[in-house]
Amino acid sequence: ARTKQQQESKMLSRAASTIVRSSAARAAVMRPVMASQPRFMSAGRPFRVLGLQQVAIGAENKGDLTKVWQGLFGLEKHSDFKSEKENVDEDIMKIGKGPLGTVEIDLMQPIDINKSPKVHIPSLNHIGLWVDDIEACVSHLKSQGTRFAGGIRVGAAGHKVAFIHPKGNADAPIGG
1 ARTKQQQESK MLSRAASTIV RSSAARAAVM RPVMASQPRF MSAGRPFRVL
51 GLQQVAIGAE NKGDLTKVWQ GLFGLEKHSD FKSEKENVDE DIMKIGKGPL
101 GTVEIDLMQP IDINKSPKVH IPSLNHIGLW VDDIEACVSH LKSQGTRFAG
151 GIRVGAAGHK VAFIHPKGNA DAPIGG
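Each residue of the sequence shown is one higher than the last, beginning at 1 in full-length UniProt numbering.
The following block contains the structure:
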């Protein structure tokens, strides 16, 4: 007989691998639900946060961050990502293992320190959360007045992502 935790772990591992990421020390990453998977609701929200996907940390020189995360903590570089459009050069470390996989520690530096976005400000750039249904999550958060930086898009790892804008405005007063 399977325990409830084993059943949930198996169910989550079968879920589609699409995520949604949010930004802020601004944040919200999401994972869609397979058709056969039961839908979870939480306190009137049409989505459920499933876990932590990533922590993105920025600096003028990611080498300084590497000394800490690789040198002191022993994490290994898993991959890298570079985008002129997003003004980012990052090394991706991974840590842990669980039903949702590993957690990424993304060490970022700007390609051009004088251009935006400034991925090194703030140093804790964004936190990514897995959710069970990104479309429902973004729709619900927008209905609550949350401002997004663009819409849902495919991110560097091939998952759907959405970033909460760091500042609200007159139309969407909630920012992250």
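The C-beta atom is built at its ideal place from N, Cα and C for all residues, glycine as well.
Note that the structure is predicted; figures quoted are calculated from it, not measured.
Straight-line Cα distance separating residue j from residue i
i: HIS78; j: SER143; result: 37 angstroms
i: GLY176; j: PRO166; result: 5 angstroms
i: PRO173; j: HIS140; result: 14 angstroms
i: ASN114; j: ASP80; result: 22 angstroms
i: GLU76; j: PRO122; result: 24 angstroms
i: HIS126; j: HIS120; result: 11 angstroms
i: ILE92; j: ASP171; result: 35 angstroms
i: PHE73; j: GLY58; result: 17 angstroms
i: PRO99; j: ASN61; result: 33 angstroms
i: ALA162; j: ARG147; result: 11 angstroms
Residue closest to residue i, alpha-carbon to alpha-carbon, out of the options
i: ASP89; options: TRP69, ILE111 and VAL103; result: ILE111
i: ASN169; options: ALA157, HIS159 and ALA149; result: ALA149
i: VAL55; options: PHE73, LYS82, ILE95 and VAL49; result: ILE95
i: ILE152; options: THR146, LYS97 and GLU135; result: GLU135
i: ILE164; options: ALA156, ALA59, GLY145 and GLY158; result: GLY145
i: ASP106; options: ALA157, GLY44 and ARG45; result: ALA157
Residue i (DSSP reduced to helix, strand or coil)
i: ARG45; result: strand
Neighbourhood of residue i by C-beta distance below 6 angstroms, restricted to the same chain and skipping five residues each side
i: LEU52; result: VAL103
i: PRO117; result: ASN87
i: VAL49; result: LEU129 and VAL131
Original post:
Which ranges does the alpha helix (DSSP H) cover as unbroken runs of at least 4 residues, wholly within the UniProt domain "VOC" (51–176), from first to last along the chain?
Top reply: 62–66 and 134–143
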